[in-house]
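Below: one structure, written as structure tokens.
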Amino acid sequence: MTDLLRILIAPLVWLAAFISVYALHGLLCALQMHGMVLGIPLERLSLVTAYGLAILMQIVLLLAVYRGWPLAPSSEFVRFVSRVTGWTGLMATIWSLLPVMMTTSC
Amino acid sequence: MALISCEGSTSTLQSAGPSAKIIADLWWMMFIGAALIFVLMMMLLALAFRTRPQEQATAGHGRRDIRIWILSFGLGFPVTVLLTLLIYALVIGERLLPRDDPDTVNVGALAQRWTWTFSYRDAPGLRTKDTLHIPAGRPVDVEISSADVIHSFWVPRLAGKLDAIPGRVNVLRIEADKPGSYQGLSAEFAGTGYDDFGFTVTAHDPAGWAAFIGGDAP
Amino acid sequence: MRALTRHRKLSAIWASEEGFKGWFSTVNHNDLGRMFLMTAFLFFLVGGLLAMLIRAQLATPHSAFAGPDIYNQIFTMHGTIMMFLFAIPTFEGLAIYLLPKMLGTRDLAFPRLTAYGYWCYVFGGAMLLVSMLLGIAPDGGWFMYPPLTGALYSKGINTDFWLIGITFVEISAIAAAVEITVSILKFRAPGMTLARMPIFGWYALITSLMILTGFPPLILGSILLEVERAFGFPFFQAELGGDSLLWQHLFWLFGHPEVYIIFLPAAGVVSTILPVMCRTSLLGYGWIVASMVALAFLSFGLWVHHMFATGIPHMGLAFFSAASTLVAIPTSVQVFAWIGTMWKGRPELHLPMLHIIGFFVTFIIGGLTGVMVAVVPFDWQAHDTAFVTAHLHYVLFGGFVFPMLAGIYYWLPHVSGRKRFFHLGELGFWLIFIGFHVTFLAMHWVGLLGQRRRISTYAPEDGWTQINLISSVGSFVLAIGIAIVMLDIILHALAQRKTRRNPWRAGTLEWAMLLPPPAYNFASLPEVTGRAPLGDDPKLANALARGEGYLGTPRNGWRETLMVDVASGRPEVLVLFPTNTQLPIAMSAVTGLFFLSLLIKVYWVTPLALAGVAALAWRWIWQGGRKNDLAPQTVRPGCDLPHSTAVDRAPGWWGSLFLLIANGTFLGSLLFGFAFLWTIAPGWPPPAWVDASAIEVGAGLLAAGTSATAIRAATRANDAGRPVLPALSIALTATLAMTFCCAALLWRTPAPTEHAYGATLFVLGSYGLFHTLLAVLMVVHLITRVLLGYTSVARRAEFPIIRLWLDYIAMIVALILLIGHMAGWFA
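Read top to bottom, the protein sequences are chains A, B and C. Add 40 to a position in the first sequence, counting from 1, and you land on the number used in the working numbering. Add 32 to a position in the second sequence, counting from 1, and you land on the number used in the working numbering. Add 23 to a position in the third sequence, counting from 1, and you land on the number used in the working numbering.
This is how it looks when you write it as structure tokens:
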């Protein structure tokens, strides 16, 4: 089971982050939070922060997968697949949340 | 009830407004790209059947095969194509949004089985049924809503569609390049009667629009 | 013991009852897999017939073939049948039939559950067929958008048939998914590590996990809409705090993963057959496993792309547009891995290969148009037009039907033990291939010309006449092709030419047995040392028949198999399967009575049916018990294993774990719905909030904590041989207290018919109440077991199972009470 978790964890965290950012965006639009912080609109700032956090989380996970933390994988196969899914999680986070940088929020 | 009828084409490719034009161009670009990719893949598929010397076919070139098929074709190729397409699409999508523009005309569209009722901010109290009047050459923001079930406001030659949802108001930007009459459709299945549920958009020249708003027409 | 004697003994133990009586009492995956596939194929024919009616209607303008009322039923039922009664059950049937054989074991983890799922599918499907025969079939389109499907605009019983019938059928999907997941993880041949698993096993595992997390939102949506229709709870009514978009979110939260739930097993078939047809091994096994994991997860982040035209802000759409383009990448990895496999081997054009070529051509086009509709601006034009209809048929027919046809022809000799005699299949393929593309290629175009989906007719002036006519002609060619394939299969079943073993020279274990397969699959279980056991040792079948593997000696009339460690495949536990029983069909009949009572609104029957289900479930679980300890049994010289009642992780624990994952997703969807309505829906705040009580929340939290602690204490006491009843009595008191707190929350909920707030809270409270009652029943069950001597220090397996459930229930009760009462405090 830990092997299975190791394989699934990065995409799972991607899914959680993706849905959270979408929910955050929906919430910001619904509450109509306006205002500026450091010359940046509040909603853009919080979305971009969330984007950064999600990427950071994936990098940490990827490191963990490479280091075999907390438990070493039981086989070479699991090591390989978990590395690929780890990269998938990072790529998917960067790719799918890219719109926070590019599009109008509400 | 507005019968879907003679004069209006409903082709998304015979664009008559900036939004529909952008989308039609997008379609042709994607169509050509997709056709090229399809041909490439069919060639790769067909070449797999060519006869080869026995040893070449069975000898494993594990790493080389992975590099060519998985890393280059499987990953590299679609990443390049799709990332380009995605960024292009996001930029286009932004351009189609209703932006502040002093020239904009605001109208309302309320769907109810089986009538579209249109209202005009420039002429409060004015209502038209099943025909929406707009000025040609000016951006029009249509505030779309529904009084019963979900419908969808769609004028294929002018712009994409947007749903009419009870309890909500959605805003769609449309614009007609030239005066004329354009076929509109409701594009969300709404029960028996859906076949013929549509409307007409009449785009006026400035004089005609002024007359309409002034109450002379229709 | 000679191989023939062993065969006779095992057959006697594993055989189902003679004749058609055996259908109702069999729990064997061989029978049930075939029954699933046959039933699914019948539904495919019905769905296909409806498709023909649709094309007949659209062939000419101003068609008077069917009026719009009937036509709406036809297209709704076409989509519904193909999605729910054909595609998913076909996967289930295929996996049920093949998996134990591929994994080198004798049956699936829960044989009675296989049968229960099958009968739920048959009864639920029959409900929908009856509605069609009576002319009162669902008519709101297969995705059933409210308010159109609400009580106000769909007054008849039509919609109820859909909501209740499909929910009934989904029980079978959940049952099969739990079963398949546990079987793949725990019921493999010894030595079959994750890396040695046949690739189809991976596809089935991922698909099942997706069903467990993808179907609950649909089941929730259906329940909510039915409750709205029957009792007036306004979940989807904007004027009372509901929102019709909530349905769309819930439906597509299921609906998009559904597409991949359908595609992945078919891809598994391709990955299995293609290397055999090319006389090579699959290129990039690890890459394919990784890419299907990626695909599975990404598919849960796409649902809003069905809602691009609903007015969601552009950034929201852009997330899903990005994710939708992204999902093409793991698909592309798989497609190119297959093409690479062909390049690396020597492809032979047998009939299954022809269908795989058909799959490639069709599915690639479907994938390319899929990328197009993932682009938001283009989708604004293409959405709800024939373009989308064409796209989805390319994906589903290309991505499912062609691979399944390949699979049928590949495994036909396995099922029948016969060779194909008349070669009609090739003609059938070409007719299907040409017919399909003639039907649907042009449909893209007519969609761009503005033909909306679901219209029952059009005018000649629209300019769509010729394209529609061509399309209809193509569909009839397609139908003739399907008929020829059917004829081919019937002739095959009649022709008496025995096939040789392993006719395709495949490497997977399902060919290492007698053909057609005996009820017990393997006379002894193999020790697996590589990914292609039969390729490495072509004489494996004989060795297994001679009893050279595990469990080679039939004994005590036991249906025996092994449970193994998830990762390493090391044998761990001896499992004794239940034998033939009519309990599953009886239980699904009573389950059907429950759904029927809701459908025809005879509500006094409902609690009786529920009590009946509970009683039968009790009996079901009771049958697994033993009154005496069973010493570890020798499964192979030098290897003794404990029986499954004498371990901490029995099959029931694993099954419960995955059922709870589905259950948790259901609750998660409900909480999402609550949050969605609260923040997004128009018409909030509600007129009245819950009258919150800190005492009840405190008591509930205390009871939840106590129940979790008490069941732990009971487990420890049992392990140490101390009396367990004191701890279990505390657990019982705690579960009763939780029941009281949930009932009190329901009591405090403002009138659920007046606002969506009260309605949602009521459902949340009912969910809690249902589970606390379940907890009470479970603890009572365990106490009865202890009193009657069914437990001992060794026979401890039920304690961890009940503990797992109580932990879950304690957690959700705490959550529900906090969320429920919190609303009152904040407001």
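For each residue, glycine too, the CB sits at the ideal point set by N, CA and C.
List the residues of chain B that residue i touches, going by C-beta distances under 8 Å, in chain order.
i        : result
A/Thr143 : Leu122, Gly125 and Glu126
A/Pro113 : The contacting residues do not exist; A/Pro113 stays about 20 Å from chain B at best.
C/Leu171 : Val181, Ile182, Phe221, Ala222 and Gly223
C/Leu122 : Here the premise fails: no neighbours, minimum Cβ distance about 27 Å.
For residue i, count neighbouring C-beta atoms within 10 Å of its own C-beta (all shown protein chains included) and say buried if the count is 16 or more, exposed if not.
i        : result
B/Tyr214 : buried
C/Tyr144 : buried
C/Ala654 : exposed
C/Ile285 : buried
B/Asp57  : exposed
B/Ser37  : In this predicted model, B/Ser37 has a pLDDT of only 37, less than 50, meaning its place in the structure is not dependable enough to derive any value.
B/Ala249 : Confidence is the limiting factor: at B/Ala249 the pLDDT is only 49, short of 50, which leaves the residue's position unreliable, though a coordinate-based value still follows. The residue is exposed, with fewer than 16 neighbouring Cβ atoms inside 10 Å.
B/Leu35  : Bear in mind that the predicted position of B/Leu35 carries a pLDDT of just 38, short of 50, making it too unreliable to give a figure here.
A/Thr89  : exposed
Is any beta-carbon of chain A found at less than 9 Å from that of residue i?
i        : result
B/Ile54  : no
C/Ala82  : no
B/Ile119 : yes
B/Leu115 : yes
C/Val625 : no
C/Ser591 : yes
C/Pro353 : yes
C/Phe277 : no
B/Ser51  : no
Which chain A residues sit within Cβ distance under 7 Å of residue i?
i        : result
B/Leu129 : Thr144
C/His337 : Thr143 and Thr144
Quick check: is the beta carbon of residue i nearer than 9 Å to any beta carbon in chain C?
i        : result
A/Trp109 : no
B/Asp133 : no
B/Leu35  : Caution is warranted here: a pLDDT of 38 is assigned to B/Leu35, below 50, making its placement in the model unreliable, and the coordinate value is therefore given only provisionally. Judged by the 9 Å Cβ criterion, B/Leu35 is in contact with chain C.
A/Ile80  : no
A/Met131 : yes
A/Ile95  : no
A/Val105 : no
B/Ala249 : With a pLDDT of 49 at B/Ala249, under the threshold of 50, the modelled position of that residue is not reliable, and no figure is offered here.
According to the Cβ coordinates, are residue i and residue j closer than 9 Å?
i        : j        : result
C/Pro709 : C/Gly264 : yes
C/Leu419 : A/Trp135 : no
C/Ala737 : C/Ala754 : yes
C/His437 : C/Trp534 : yes
C/Leu447 : C/Leu514 : yes
B/His29  : B/Phe244 : Nothing can be reported for residue 29 of chain B, as the shown portion of chain B is limited to 33 through 250.
C/Gly309 : C/Met215 : no
C/Leu585 : C/Leu599 : no
C/Trp403 : B/Lys210 : no
A/Pro81  : C/Met338 : no
B/Gly216 : B/Trp148 : yes
C/Tyr120 : C/Arg57  : yes
With a threshold of 9 Å between beta-carbons, can residue i be considered close to chain B, or not?
i        : result
A/Trp54  : no
A/Leu188 : Absent from the model: residue 188 of chain A. The displayed extent of chain A is 41 to 146, so no value can be given.
A/Leu102 : no
A/Leu138 : yes
C/Gly163 : yes
C/Met395 : yes
C/Ala253 : no
So which residues on chain A does residue i lean against when the C-beta distance must stay under 8 Å?
i        : result
C/Gly901 : As shown, chain C starts at 24 and ends at 850. That puts residue 901 of chain C outside it, with no answer to give.
Anything in chain C within Cβ reach of residue i, meaning under 9 Å, just list it in chain order.
i        : result
B/Pro171 : Simply none; closest approach about 16 Å.
Whole runs of the beta strand (DSSP E) within the stretch 409 to 451 of chain C, excluding any shorter than 3 residues: none
Please give me, in chain order, every unbroken run of the alpha helix (DSSP H) with length at least 4 that falls completely inside the stretch 67 to 149 of chain B. 86 to 90, 94 to 97 and 109 to 128
Write down every uninterrupted run of the alpha helix (DSSP H) in the stretch 552 to 623 of chain C whose length is 4 residues or greater and which is fully enclosed by it, in chain order. Complete alpha helix (DSSP H) runs here, min 4: 556 to 559, 563 to 568 and 606 to 622.
Just list the alpha helix (DSSP H) runs in the stretch 177 to 222 of chain C, keeping only unbroken ones of 4 residues or longer that don't cross its boundaries, in chain order. Qualifying alpha helix (DSSP H) stretches, in chain order: 181 to 209.
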